[in-house]
Amino acid sequence: MALRFFNTYSRELEEFAPREAGKIDIYTCGPTVYSRAHIGNFRAYIFEDLLQRHLEARGFKVHRVMNITDVDDKTIRGSREAGIPLTKFTEQFKEAFFDDAETLRIKRADEYPSATDQHYIDKMISMIGALIAKGLAYQADDKSVYFRIHNFPNYGKLAHFDLTQLQSTGRVKHDEYDKEHIGDFALWKAWDEKDGDVKWASPWGPGRPGWHIECSAMATALLGDQIDIHCGGVDNIFPHHEAEIAQSEGVTGKKFVRMWMHCAHLLVDGQKMAKSLGNFYTVPDVLAKGYTGRELRYALIRVHYRTQLNFTWEGMNEARESLGRIDDWLRRLREIAGDESGIAPGHEFEDALDDDLNISAALGFLFETIRETNRAMDRGELDPATAGSWLQWWNRVDAVLALGGQEIEIPPAVLALAKEREQARLAKDWKKSDELRDQLSALGWEVRDSKDGQKITKRAGA
Ligand SMILES: [Zn+2]
Numbered sequence: 004m005a006l007r008f009f010n011t012y013s014r015e016l017e018e019f020a021p022r023e024a025g026k027i028d029i030y031t032c033g034p035t036v037y038s039r040a041h042i043g044n045f046r047a048y049i050f051e052d053l054l055q056r057h058l059e060a061r062g063f064k065v066h067r068v069m070n071i072t073d074v075d076d077k078t079i080r081g082s083r084e085a086g087i088p089l090t091k092f093t094e095q096f097k098e099a100f101f102d103d104a105e106t107l108r109i110k111r112a113d114e115y116p117s118a119t120d121q122h123y124i125d126k127m128i129s130m131i132g133a134l135i136a137k138g139l140a141y142q143a144d145d146k147s148v149y150f151r152i153h154n155f156p157n158y159g160k161l162a163h164f165d166l167t168q169l170q171s172t173g174r175v176k177h178d179e180y181d182k183e184h185i186g187d188f189a190l191w192k193a194w195d196e197k198d199g200d201v202k203w204a205s206p207w208g209p210g211r212p213g214w215h216i217e218c219s220a221m222a223t224a225l226l227g228d229q230i231d232i233h234c235g236g237v238d239n240i241f242p243h244h245e246a247e248i249a250q251s252e253g254v255t256g257k258k259f260v261r262m263w264m265h266c267a268h269l270l271v272d273g274q275k276m277a278k279s280l281g282n283f284y285t286v287p288d289v290l291a292k293g294y295t296g297r298e299l300r301y302a303l304i305r306v307h308y309r310t311q312l313n314f315t316w317e318g319m320n321e322a323r324e325s326l327g328r329i330d331d332w333l334r335r336l337r338e339i340a341g342d343e344s345g346i347a348p349g350h351e352f353e354d355a356l357d358d359d360l361n362i363s364a365a366l367g368f369l370f371e372t373i374r375e376t377n378r379a380m381d382r383g384e385l386d387p388a389t390a391g392s393w394l395q396w397w398n399r400v401d402a403v404l405a406l407g408g409q410e411i412e413i414p415p416a417v418l419a420l421a422k423e424r425e426q427a428r429l430a431k432d433w434k435k436s437d438e439l440r441d442q443l444s445a446l447g448w449e450v451r452d453s454k455d456g457q458k459i460t461k462r463a464g465a
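Residues in the sequence shown are numbered consecutively from 4, following our numbering.
Right under this line is the structure:
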């Protein structure tokens, strides 16, 4: 079956073939490291992980780049408020991002370029210079450099956006008076005192890059002028990805991206996630409720990426139940399976994912298989060779889902003791904290204290 994906650019399902047979380049917009990423961000990263793993299962060699945005308004504001240098401020959230990605079993990208790397800053500056030379950018009186959207006729094509609307609804902020058009976006932001020591030299004076040019520069520097697939969340479509197209194509004159894929929003209890609503969750928040990374991965992967996902605790419990069914099934199969293999299971699972990553159909097939083989085992009719074949098939499927049960589950009693210990530490009751550590140790668990709180691991040999 041919691969087909929904291309945001055309708003149509399109058959997908990479530029070079057998190889696929993917660029995915990564985190802005000013706070810990929330589970909505990770929903998009898990969708990208599913995409990569499926393409690899189909025999493609995938080269994936994910950028880290470590300079923008939010990171600068955060570092100023924390009173620490920008790099020190962003470092902690970079680390947290990689921790959480590992908890959720997200494969590492091949490269994680950082926007503040001088190599990429140079590339951004050279792209901005090229855009000015082509009349696609200009330096305004405020010394910042802006993209001139009126000279790029395709601007708005990705978002299916009407530029005249932009004029009528846009409220002009004080610092945007210098622009020729309200929709013109900053390529280079002139330094001002709020930026502190965050600045780079450029032909237009000291300043820093705009967020959009960061991605255009890192994407083309690492993957070339043209990319097979570019992903992100729907909130990236406008203006971020629209701007990426304008900048990249403005410089190269070549079509930047073949396939634009975007992941829908995540809601919590039917509402948009917001700190003010108290429904804002990070990965550690979910783990603190006693769930595992594997369970959260399942809850985030099971809904088709273009459908809004409503996160609920009930949904987490359903995820736990579904994984329990898989675990029980595998245990039964392993009891029966012999060394020889029998029937060769077909490719229904992979075929479903070929169709715009139809995860519902793929999981539907998995659970139908579980039901049928369980019934055969109930009747004592599943022979060792067939059981062995289904185990082999599961290995193939799990290379894509990454839901296998290798994870060590922390028993509720251990979690309760660990929580008690954390409270003791907060109350500076060191004696009690040490006693609880000993109790945990006697149960075979070790706690380590890190700046993200304590980490619980099974003691080696326990
Ligand atoms: Zn981006």
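Where a beta carbon is used, it is the ideal one built from N, C-alpha and C, also for glycine.
Residue i vs residue j beta-carbon contact at 9 Å
| i | j | result |
| --- | --- | --- |
| A2 | D357 | Only positions 4 to 465 of the chain appear in this structure, which leaves residue 2 out of reach. |
| H215 | F259 | no |
| T72 | G132 | no |
| N320 | G273 | no |
| E449 | L439 | no |
| T11 | L161 | yes |
| W433 | L333 | no |
| D231 | M262 | yes |
| F164 | L139 | no |
| G186 | Y158 | yes |
| V286 | T315 | no |
| P375 | A365 | In the sequence on display, residue 375 carries Glu and not Pro. No, the Cβ-Cβ distance between E375 and A365 is not below 9 Å. |
| F8 | D359 | yes |
| I362 | V306 | yes |
| V417 | L446 | yes |
Contacts around residue i, its chain only, beta-carbon distance under 8 Å, and the 5 residues preceding and following it disregarded
| i | result |
| --- | --- |
| P415 | G293 |
| K257 | D228 and Q229 |
| D401 | G407 |
Inter-residue CB distance, residue i and residue j (contact presumed, cutoff 8 Å)
| i | j | result |
| --- | --- | --- |
| Y308 | S325 | That pair is no contact at about 18 Å. |
| I339 | L406 | That pair is no contact at about 22 Å. |
| I27 | V68 | With a Cβ gap of about 12 Å, I27 and V68 do not count as contacting. |
| A224 | Y115 | With 8 Å as the limit, A224 and Y115 do not qualify as a contact, their Cβ atoms being about 13 Å apart. |
| F150 | L190 | 6 Å |
| A47 | C218 | About 15 Å separates the two Cβ atoms, so there is no contact after all. |
| I49 | I109 | 6 Å |
| M264 | H41 | With a Cβ gap of about 21 Å, M264 and H41 do not count as contacting. |
| V36 | T93 | 4 Å |
| A421 | Q457 | 6 Å |
| E296 | L303 | Rather than Glu, the amino acid found at residue 296 in this sequence is Gly. Actually they are not in contact, since the Cβ atoms of G296 and L303 sit about 10 Å apart, beyond 8 Å. |
| A249 | I135 | Contact doesn't hold; Cβ gap of about 14 Å is too wide. |
| L53 | C234 | Not really, about 11 Å apart at Cβ, beyond 8 Å. |
| D103 | F45 | 7 Å |
Helix, strand or coil at residue i [DSSP, three-state]
| i | result |
| --- | --- |
| C234 | strand |
| T255 | helix |
| H2 | A query on residue 2 cannot be resolved here, the shown segment of the chain reaching from 4 to 465 and no further. |
| N70 | coil |
| S344 | coil |
| S392 | helix |
| R184 | According to the sequence displayed, residue 184 carries His and not Arg. Coil. |
| V148 | strand |
| S129 | helix |
| A40 | coil |
| Y30 | strand |
| N154 | helix |
| F283 | coil |
| N10 | strand |
| T376 | helix |
| I135 | helix |
| L223 | The sequence as given places Thr at residue 223; Leu does not occur at that position. In the structure shown, T223 sits in a helix (DSSP, three-state: H, G or I). |
| A361 | Per the sequence shown, residue 361 should be read as Asn rather than Ala. Reduced to three states, the DSSP call for N361 is coil. |
| H350 | coil |
| V289 | helix |
| S82 | helix |
| F19 | coil |
| S205 | coil |
| D452 | strand |
6 Å CB neighbourhood of residue i in its chain, flanking five on each side removed
| i | result |
| --- | --- |
| V403 | R56, H57 and A60 |
| R335 | M380 |
| W207 | Q142, V148 and W191 |
| W194 | K202, P209 and G210 |
Chain-order list of residues whose beta-carbon lies under 7 Å from that of residue i (same chain, five-residue window excluded)
| i | result |
| --- | --- |
| V201 | V74, I79, L89 and R211 |
| K77 | T35 and Y37 |
| M127 | P212, I216, E217 and A220 |
| F96 | V36, Y37, S38 and R39 |
| E351 | F368 |
Chain D within 9 Å of residue i, Cβ atoms only
| i | result |
| --- | --- |
| A322 | No chain D is present in this structure, which holds just one protein chain. |
Task: At least three beta-carbon pairs within less than 8 Å, the segment 238-251 to the segment 14-22 - done: no
- [ ] Could you tell me whether the segment 340-347 touches the segment 391-398, where touching means 3 or more Cβ pairs closer than 8 Å?
- [x] yes
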